[in-house]
Structures are given as C-alpha cells and as structure tokens.
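Numbering (my numbering), first residue to last: 2 to 397. Ideal placement from N, C-alpha and C gives every residue a C-beta, glycine not left out. One structure below.
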Amino acid sequence: MLPTLFAPTPVPREPGPDRTDGAAAVLRTVLDRGPLARTAIVSETRLSAAAVSRHAADLLAMGLVWQPPDPGQQPRPGRPRIPLDIDTSHHVAAGVHIAVPRLTFSLTDLRGRVIASEHMPRAEHPGTVLDEVAVQVPRFLRRHANGFSVLGLGLVTGGWVDPEKGVLVENTALGWRDVPFRRALRQAVRLPVHVEGHARALARAELLFGTVGDGVLLHLFVGNAVDAAIATGGTLLRGRRHGAGGIAHLAVPGSTQPCPCGRTGCLQATVADRTIAAHAVADGIIAQPDLPLLLQAARTGDARALDLCRTRLRMVARAVRPVLDVIQPDVVVLTEAVTLHLPHLLPELSRELTGAADMVRAGSFGTDTLAVAAAVPVLASVYRDPLGLRTAGAAG
Ligand SMILES: [Zn+2]
C-alpha cells in the first residue's frame, strides 16, 4: 500500500505567529501530560467541560488523539473517565535536514520520535540539492511511510531562514543565499512544505517534546553552522525577517581565523566542525579532516585531541557569554558534537559560560537530533493549529 499523501493545496498554510485556540490547548495538554482524563484537561486548560468535549471529539475524529484502554480502571456504573492520549498510529511528519556534509531524510510520529531516517551526501549547488530532494522524498516515503498519512515536509538547515516566506536567506557554512526552498519543492513533493532554521527547529522540539519549561530558553547549536534560538513563555523570538539568533559572527577573543564575511575571529569560522577537524589534522592528531575521528581519539584517551575539544568549548563560551549577560536565560540547551560524545565536558562548558556547572544541558535528542529537527516544523504547525489540518486536506 502506498503512503497516503494529502491532496496538494494551492497555497500551503504559512506558519504564522504562535497562537493558541481551544483545540490547540487541548492537544498540547494531552501531549505534555497524557494520557489524561477530560476532567483533568478541563482544569489544566481552564476551558469549559463542553468546549473540551467538543475539541476532544474533533481531535479524535482527525486521528490526532485516541482513547487508550486504562488497565487500572474497573468497569463501573456511570460515565467512564476515559483518558485521552496522542495517537501516534495515523499521522507522521517527514523532514529533510541539509547540513554541510550530508542530507538527512526523516519520518517522525506525533511525539517527535524518529520512525525512519536515511542519509545521503550533499551536492554543492542548491538547485541540484533541491532537485535531488524532490526526487528522493517520494522514494523515502514509499520505503517508510506505508499506511501512515504524511502531514507535511519540513526542510531545515542552519543559518538565517525565513519560515514565512519559505526562503533560506543565508547559510554561510553552505555558501548559500536567497534560496526559495518552499517554492522549489511544494509542487514536486505534493505536501505542505514547512521551512525553518536549524537552531529554531531544535528549540521548538525542546519546547514540544523536551523538559525545558516556559522560562527563557537559549538554544545553542554548534556544528558547521553556529546559531542560537531564544524562546520566552514557549514562544520563539523571531526578530526582523526571522533573523533573531544569528551568532555566527560574534567575535571570539584572540581568534585570527578568517571568515567568509571578510573579518577575522568570527565564532562560526573559528569553532566550526571542519575548522576544528582541520586543526586536528595540522597538529597531527588525526589523518583526515573529520570531526568524528577527533572525537574518537579524544574518547580513547588522546590528550591532544581532548585538549582541542576543550579549546573549542572554551571559545564558544567566551564568544557567547555576553549574550547570556543580556538575556539571562533560565535554561541553556546546547546541541554540539563534543559534549554529545564526551558528556563529562558539559559541566566545564557550563561553568565557563554561566558560572554554574548545571546551567547548560545537552539537547534532548542525542544522535536523532538532525532527524527530529527536520520534521519538527511540521509537528509545530500541527500543535499550533490542529484544526488547520482539515483545511489542508488532512482530516480525510
Ligand atoms: Zn564573520
């Protein structure tokens, strides 16, 4: 059986400002706390019992929630207190993540759990990459999405991305500018295409599926691209043309690394995966400029490799500290390869950055990070406006 693809919409829904309506509030409450009885949803959302019943019926009909059997509940007279939970058996979100070395194709359920992911090497030119994505997405879905309805395609990359226009404004790590992601793909993949920046997608994933709470969140991504995302009260800071969070060209004190922007000592140019890997080759630590090789050497006790990893984290801390002074986040989440593979270095970075060893935590998604990031713009749109799926043809 072929995967169910939604009918193409002439103009896919633009992601607007985060808004909460009743159905969204019910769905988010079930996501955060489910399985949950309707009475508990009423007290959580402060909606009326009638409104919760109505929204629950809509969400049930759309296959977004279901009523799991409660083994602890004995049959009893009167109205049973049947709980609601997120239904992960019908809908899935697809995504493509574009990084410097490769593309990641992914499929997640409504709880952001990865069902399938595949990688392929990335071509140089953006047009070639988007042509390949257009060809490969339907094949990927045929391999992995059988029997599911696919809610949309997320397209995520580092740098400055305008989700409203569906355009990559600039990704200096790729050397790409003004690439019309959504326009290039929406006809070819016959799905709503949701475009987002990598750091912001991961911050959304932490807000939806992690445990970061509603305070001020700073999410830092350090890879070949270096980006930040800031959220407060569960809402991401957008900035002009969705440009908030651009930290790639913050100055690293003492760095003389040339940057494509024309200056020297910029954060991204100084600490990028490929810069660090090139240093490791120049220092004779590894033979090929490949960050996983350096991490492997550090893990197996090579003191110079470990030292280079520590140096990277120290440079990140020194460049980013003024940002923390300004926004005073409640929690800092770091998605970065060194601390993923050498978690004992995270408290060191945290101390350097904030003065406290437990202030910075690792991202929630481990080795699934890119796969989750790719699909999360689709999931975010579902949780922001679940009833909007009906106008996109999803309720079927
Ligand atoms: Zn620069």
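Boundaries of the beta strand (DSSP E) in which residue i is found, first to last residue
i    : result
V170 : V168 to N172
M63  : No beta strand (DSSP E) contains M63, which DSSP labels as neither H nor E.
M316 : Per DSSP, M316 belongs to no beta strand (DSSP E); it is in the alpha helix (DSSP H), A304 to I328.
H199 : Taken as a continuous stretch (DSSP letters only), H199 belongs to no beta strand (DSSP E), being part of the alpha helix (DSSP H) at H199 to F210.
G155 : S150 to T158
L294 : Careful: L294 lies outside any beta strand (DSSP E), inside the alpha helix (DSSP H) at L292 to R300.
D86  : P84 to I87
H220 : V217 to V223
H145 : From DSSP, H145 is part of no beta strand (DSSP E) but of the alpha helix (DSSP H) over P127 to H145.
D33  : It is not in any beta strand (DSSP E) - D33 instead sits in the alpha helix (DSSP H) that spans G23 to R34.
S382 : Here S382 belongs to no beta strand (DSSP E); instead the alpha helix (DSSP H) covers T370 to R385.
L335 : V332 to E337
T233 : V227 to T233
R184 : First-last for R184: F182 to V190, but that is the alpha helix (DSSP H), not the beta strand (DSSP E).
R362 : V361 to A363
H98  : H92 to I99
Cα-Cα separation, residue i to residue j
i    : j    : result
R352 : R362 : 12 Å
A1   : R34  : Residue 1 lies beyond the residue range present for the chain, which begins at 2 and ends at 397; the question has no answer from this structure.
H342 : L292 : 11 Å
V190 : F149 : 16 Å
S256 : R319 : 11 Å
L65  : G167 : 26 Å
L61  : S44  : 20 Å
L390 : V93  : 13 Å
V213 : L309 : 30 Å
A381 : L296 : 33 Å
H243 : R183 : 16 Å
I328 : L218 : 9 Å
I399 : Q188 : Absent from the structure is residue 399, since the part of the chain shown begins at 2 and ends at 397.
A51  : G367 : 41 Å
L208 : C260 : 33 Å
A124 : G211 : 33 Å
A206 : V115 : 12 Å
A288 : G356 : 36 Å
Q68  : R241 : 43 Å
V272 : T370 : 19 Å
V223 : V282 : 20 Å
V194 : T233 : 26 Å
N147 : H120 : 19 Å
L28  : T129 : 39 Å
I42  : D22  : 14 Å
G263 : I231 : 27 Å
T276 : L294 : 14 Å
A395 : L238 : Here the model assigns A395 a pLDDT of 42, short of 50, so the residue's position is not dependable, and the following value carries that caveat. Their Cα atoms are separated by approximately 29 Å.
Contact under 8 Å by Cβ, residue i with residue j
i    : j    : result
V162 : V170 : yes
T109 : H98  : no
G159 : G198 : yes
D86  : V31  : yes
G216 : V377 : no
L152 : V373 : no
P290 : A279 : yes
R186 : L251 : The question names Arg, yet the displayed sequence has Leu at residue 186. In this structure, L251 does not lie closer than 8 Å to L186 by Cβ.
L354 : L307 : no
P254 : V180 : no
R55  : T89  : no
Residues of its chain near residue i, where Cβ-Cβ distance is below 8 Å and the 5 sequence neighbours each way are ignored
i    : result
T340 : L314, L346, L347, L350 and A363
G176 : P261
T46  : G23, A26, V27, T30 and V53
Range covered by the alpha helix (DSSP H) that runs through residue i
i    : result
S107 : That residue, S107, is in no alpha helix (DSSP H); its beta strand (DSSP E) goes R103 to T109.
D163 : Looking at the DSSP string, D163 is not in any alpha helix (DSSP H); the run it does join, the beta strand (DSSP E), is W161 to D163.
I277 : D274 to A283
S44  : R39 to T46
S118 : Taken as a continuous stretch (DSSP letters only), S118 belongs to no alpha helix (DSSP H), being part of the beta strand (DSSP E) at V115 to P122.
T355 : L347 to T355
Sequence-distant residues of its chain with Cβ nearer than 7 Å to residue i (five each side left out)
i    : result
L388 : A24 and D59
R322 : L354
A174 : V101, G159, G160, N225, A226, Q269 and A273
P330 : V217, L218 and L219
A375 : G96, V97, H98, T105, S107, G155 and V157
Cβ-based neighbour list, residue i, same chain, cut-off 6 Å, excluding 5 preceding and 5 following
i    : result
P102 : none
L221 : A229 and L335
V138 : V190
A117 : L108 and H145
P122 : R103
G397 : Low confidence applies to G397: its pLDDT is 32, below 50, so where it sits in the model is not reliable enough to give any reading.
I83  : Q68
N172 : T158, G159 and G160
L48  : G23
Distance between beta carbons of residue j and residue i, contact taken as under 8 Å
i    : j    : result
A226 : Q269 : 7 Å
I286 : R311 : Rounded, the Cβ-Cβ distance is 13 Å, inconsistent with contact.
A338 : D274 : 7 Å
M360 : V333 : 6 Å
beta-carbon residue i near ligand 3 non-hydrogen atom, thresh 7 Å
i    : result
H199 : Ligand 3 is absent from the structure shown, which contains only ligand 1.
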